[in-house]
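Below: one structure, written as structure tokens.
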RNA sequence: GCCCUAGUGGCUUAGGCGGUAGAGCGAUGCCUUGGUAAGGCAUAGGUCGGGGGUUCGAAUCCCCCCUGGGGCUCCA
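Numbering (our numbering), first residue to last: 60 to 666.
Right, dumping it as structure tokens:
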């Protein structure tokens, strides 16, 4: 905020005509005269919107400070846009100016405010003494940004319906111990690079795009395929659960009050667009889902109702130093399910169903999740029974955080984290009980008594961001490197079977075998390059192909072939049908997409 | 964002206390038609991350910026 303070003999003004953003005023405010007034010309700036309370407080204290020195009869706040080249939104400015006026009055000053958004003529007579002209730039002081004396959370282990002390708890799970240490700030870092970064590039899944902003990736065909398969997976999962997929815009106008207030909770990590309209890129699908829901006509018969969207992309302006590989990005893809529930009982029931859904993703991906259950102290006291039961659904001890008071929109949430190679959590699925957004976004439903009511909304991401799922899968290969060769689950492997013809005369057979396997929905390719068998085998291994078959004279004559099985490092004899059914069994229930690459390796681009 | 550290062909890198760079993989071509983790030979490919400065001359010294990695902090 910029202010120009003039200690005047008098100020006279008169409104001339309205602008689009003019506030409605009574006739008596259309002109006015103030004698011996400290006139505060004020411009509210964009950055002020991040913490308007703090800005108002600082501005008022500055004005009081000056007023104490020059001792005017009156203080007049005069909206004056021309002091800044980076103005805040008119809505925010009006709010700030009004709050300044009332705060000054509370402090015993005779304060007035000149109407906002009008063209005005004015006449001012400056007293001309040394303190009669002052200007100030008022900014949010970072160290004052709340923080102050925030009460710490209480931490427990919740196991078999018992609250246990973390200090004395005997951890059976190495991963839960690591998660607990990390959350309590006890984990020592090794200074190593997480292995998934090298892997994602080496395998041509994804890479950085230096010409974009930090934390935005380019995805190559293999990576794109994996993303698509995971997207299909979540889509199937949530539609099976009963949610309805929608798609909403990726940017929102901060002039909308509900959107601005919700966004403010996100603080400085908002990704703003520098356009004339003050637009913010979404950091999740909440905005879109809430707008859809608030414009829908909901009745108790509809509830619970789920709206699902895969946010390609969500944007968060994470600090530069926090952005890392697939783990923390500024642009990422998150499955986002919002479930409208009529009351807390229904919300709790749905929450439990969603726990099952989140847990299932861990089983399907073969990723071990450790769980943090969180709640405000009030919620925990009132719903102990439910929390204990819900934690039981995890089937192992969970970490419990009790927050002294609500500081976000949720009163309880459950976070599922995979543990990476360096022992740090990768936050994946999450479920939250949101008690604020219904009212804020004007989402209502008609209850059984024909009354309008605000619902409770569950937020759920059954897998966490797609990028983090891939991150977890890659990290897992590094964790297990001593036990087995690194590999992706077959349903996610870009190439599922690689055929290696030995000589040109084996090409026709290899190609026709490949076509047959392809017809059974198997991603198969043929290494038709003029290289030695040894080299092609090696190549297939470095690409993590789960099944590799060498095609030579023997295979032309028999209907069996020796299959190299990567996972077990074993060779096994199969015929075509046996192999097909083995793979089909392996990928059962998982989505399929065809190979998005040329079948012949000689035709492939090296990314 | 702050602190530390790095940036040399598509990838991995050698070399540099000032005189415009060398390799391996990969790519391409030729030879080899080969049976389970790198066959041989040859060729192409680099204004040494970008910009500015100092200098007769900068990949090398100085400044700024960009990008990566680590740490702090943060994480709905």
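Ideal Cβ positions, reconstructed from N, Cα and C, are used throughout, including at glycine.
Buried or exposed for residue 61, please, with buried defined as at least 16 other CB atoms from any protein chain shown within 10 angstroms of its CB.
-> Taking the first chain and counting its residues from 1, the one referred to as residue 61 is at position 2. The residue in question, residue 61, is buried, as its Cβ has 16 or more Cβ neighbours within 10 Å.
With DSSP collapsed to three states, give me the class of residue 390.
-> By one-based count along the first chain, residue 390 stands at place 331. If DSSP states are grouped into helix, strand and coil, residue 390 belongs with the strands.
Which one of 111, 86 and 118 has the shortest CA to CA distance from residue 63?
-> The count along the first chain starts at 1 and reaches residue 63 at position 4. Measuring from the Cα of residue 63, the nearest candidate turns out to be 118.
State yes or no: is the C-beta of residue 170 within less than 8 Å of the C-beta of residue 132?
-> Indexing the first chain from 1 puts residue 170 at position 111. Indexing the first chain from 1 puts residue 132 at position 73. It is not a contact, given that the beta carbons lie outside the stated cut-off.
Compute the beta-carbon to beta-carbon distance between residue 521 and residue 420, rounded to the nearest angstrom, for a pair I have assumed lies under 8 Å.
-> Taking the first chain and counting its residues from 1, one reaches residue 521 at position 462. Taking the first chain and counting its residues from 1, one reaches residue 420 at position 361. Confirmed, Cβ separation roughly 5 Å.
DSSP bridge partner residues for residue 518 (one or two, in chain order) = In the first chain, counting from the first residue as 1, residue 518 sits at position 459. 397 and 491, per the DSSP bridge assignment.
Report, in whole angstroms, the separation of the C-beta atoms of residue 380 and residue 275, which I expect to be a contact under 8 Å.
-> Translated into the one-based positions of the first chain, residue 380 becomes position 321. Translated into the one-based positions of the first chain, residue 275 becomes position 216. Wrong, their Cβ atoms sit about 16 Å apart, outside the cutoff.
If we ignore side chains and look at the alpha-carbon of each, how far apart do residue 248 and residue 232 end up?
-> Position 189 of the first chain, counted from the start, is the residue given in the question as residue 248. Position 173 of the first chain, counted from the start, is the residue given in the question as residue 232. Whole-angstrom Cα-Cα distance: 20 Å.
What is the DSSP secondary structure of residue 382, counted as helix, strand or coil?
-> On the first chain, residue 382 is found 323 positions in, with the first residue counted as 1. Three-state result, residue 382: coil.
Residue from 280, 333 and 345 with nearest C-alpha to residue 325 | Within the first chain, the letter at position 266 stands for residue 325. Per the Cα distances, 345.
Please go through the same chain and pick out, in chain order, the residues whose beta-carbon is closer than 6 Å to the beta-carbon of residue 553, but skip the five residues on each side of it.
-> Translated into the one-based positions of the first chain, residue 553 becomes position 494. Closer than 6 Å at Cβ, skipping near neighbours: 281 and 284.
Count the other CB atoms, across all protein chains shown, that sit within 10 Å of the CB of residue 75; report buried if there are 16 or more and exposed otherwise.
-> Position 16 of the first chain, counting from 1, holds the residue named residue 75. Looking at its Cβ environment, which holds fewer than 16 other Cβ atoms inside 10 Å, residue 75 is exposed.
Backbone CA spacing between residue 637 and residue 431 [nearest angstrom] | Start at 1 with the first residue of the first chain, and residue 637 comes out as number 578. Start at 1 with the first residue of the first chain, and residue 431 comes out as number 372. The alpha-carbon atoms of residue 637 and residue 431 are separated by roughly 44 Å.
CB-CB under 6 Å to residue 657, same chain, minus the five flanking residues each way: which ones, in chain order?
-> Along the first chain, read from residue 1 onward, the residue named residue 657 stands at position 598. Here the set comprises 663.
Let me know the secondary structure DSSP gives residue 235 once reduced to three states.
-> Here residue 235 corresponds to residue number 176 of the first chain, with the count starting at 1. Of the three classes helix, strand and coil, the one that applies to residue 235 here is helix, per DSSP.
Simplified DSSP assignment, three categories, for residue 507 | Mapped onto the first chain, residue 507 falls at position 448. Note: residue 507 maps to coil in three-state DSSP.
Does the distance from the CB of residue 312 to the CB of residue 335 come in under 8 Å?
-> In the first chain, the residue the question calls residue 312 occupies position 253. In the first chain, the residue the question calls residue 335 occupies position 276. Result no, Cβ atoms of residue 312 and residue 335 do not sit closer than 8 Å.
According to the neighbour-count rule (16 or more other Cβ atoms, all chains shown, within 10 Å of its Cβ), is residue 647 buried or exposed?
-> In the first chain, counting from the first residue as 1, residue 647 sits at position 588. With fewer than 16 Cβ atoms within 10 Å of its Cβ, residue 647 is classed as exposed.
Whole angstroms is fine: what's the gap from residue 610's alpha carbon to residue 372's?
-> Counting from one through the first chain, the residue named residue 610 turns up at place 551. Counting from one through the first chain, the residue named residue 372 turns up at place 313. Distance between the alpha carbons of residue 610 and residue 372: 43 Å.
Roughly how many angstroms lie between the CA atoms of residue 665 and residue 279, to the nearest whole one?
-> In the first chain, the residue the question calls residue 665 occupies position 606. In the first chain, the residue the question calls residue 279 occupies position 220. Roughly 10 Å between the two C-alpha positions.
Do you know how far the Cα of residue 341 is from the Cα of residue 104?
-> Numbered from 1 along the first chain, position 45 holds the residue referred to as residue 104. Numbered from 1 along the first chain, position 282 holds the residue referred to as residue 341. So the two alpha carbons sit approximately 22 Å from each other.
Determine the burial state of residue 400: buried for a count of at least 16 other Cβ atoms within 10 Å of its Cβ, exposed for fewer.
-> Residue mapping note: residue 400 aligns to position 341 of the first chain, counting from 1. By the neighbour-count rule (16 or more Cβ atoms within 10 Å), residue 400 is buried.
Residue 466: which of 454, 515, 495 and 451 sits nearest, CA to CA?
-> Taking the first chain and counting its residues from 1, one reaches residue 466 at position 407. Of the listed residues, the one whose Cα sits closest to residue 466 is 495.
Can you tell which of 451, 367, 363 and 622 has its C-alpha closest to the C-alpha of residue 668?
-> Limits of the chain in this structure are 60 at one end and 666 at the other, which puts residue 668 out of reach.
Distance CB(residue 70)-CB(residue 99) smaller than 8 Å | As a working note, residue 70 is residue 11 in the first chain. As a working note, residue 99 is residue 40 in the first chain. In this structure, residue 99 does not lie closer than 8 Å to residue 70 by Cβ.
What's the gap between the Cα of residue 546 and the Cα of residue 599?
-> The residue given as residue 546 occupies position 487 in the first chain. The residue given as residue 599 occupies position 540 in the first chain. Distance between the alpha carbons of residue 546 and residue 599: 12 Å.
Could you have a look at residue 599 and say whether DSSP puts it in helix, strand or coil?
-> Counted from its first residue, the first chain places residue 599 at position 540. The answer is helix: DSSP assigns residue 599 an H, G or I state.
Could you say which of 198, 406, 256 and 90 lies nearest to residue 180 if we only look at CA atoms?
-> Here the question's residue 180 lines up with position 121 in the first chain. The shortest C-alpha separation from residue 180 is found at 90.
Residues in its own chain within less than 8 Å of residue 532 by CB, not counting five upstream and five downstream?
-> Here the question's residue 532 lines up with position 473 in the first chain. Counting only Cβ-Cβ distances below 8 Å, and skipping sequence neighbours, we find 424, 426, 547, 548 and 551.
Please check the pair residue 101 and residue 139, which I expect to be a contact at CB under 8 Å, by giving their CB distance rounded to whole angstroms.
-> Position 42 of the first chain, counted from the first residue, corresponds to residue 101. Position 80 of the first chain, counted from the first residue, corresponds to residue 139. The Cβ separation is near 6 Å, so the contact holds.
Just how far apart, CA to CA, sit residue 229 and residue 481?
-> Within the first chain, numbered from 1, the residue matching residue 229 stands at position 170. Within the first chain, numbered from 1, the residue matching residue 481 stands at position 422. Roughly 22 Å separates the two Cα atoms.
Taking residue 360 and residue 414 to be in contact with their CB atoms under 8 Å, please state how far apart those CB atoms are, rounded to whole angstroms.
-> Indexing the first chain from 1 puts residue 360 at position 301. Indexing the first chain from 1 puts residue 414 at position 355. Not a contact, Cβ separation roughly 25 Å.
Run through DSSP, which three-state label would residue 191 get?
-> As a working mapping, residue 191 is identified with position 132 in the first chain. In the structure shown, residue 191 sits in coil (DSSP, three-state: anything other than H, G, I, E or B).
Determine the DSSP secondary structure at residue 19, reduced to helix, strand or coil.
-> Since the first residue of the chain shown is 60 and the last is 666, residue 19 is not available in this structure.
Quick one: Cα of residue 708 to Cα of residue 142, how far?
-> No statement about residue 708 is possible, as the shown extent of the chain runs from 60 to 666 and does not include it.
Three-state secondary structure assigned by DSSP to residue 61 | In the first chain, the residue the question calls residue 61 occupies position 2. Looking at residue 61 - three-state DSSP - the assignment turns out to be strand.
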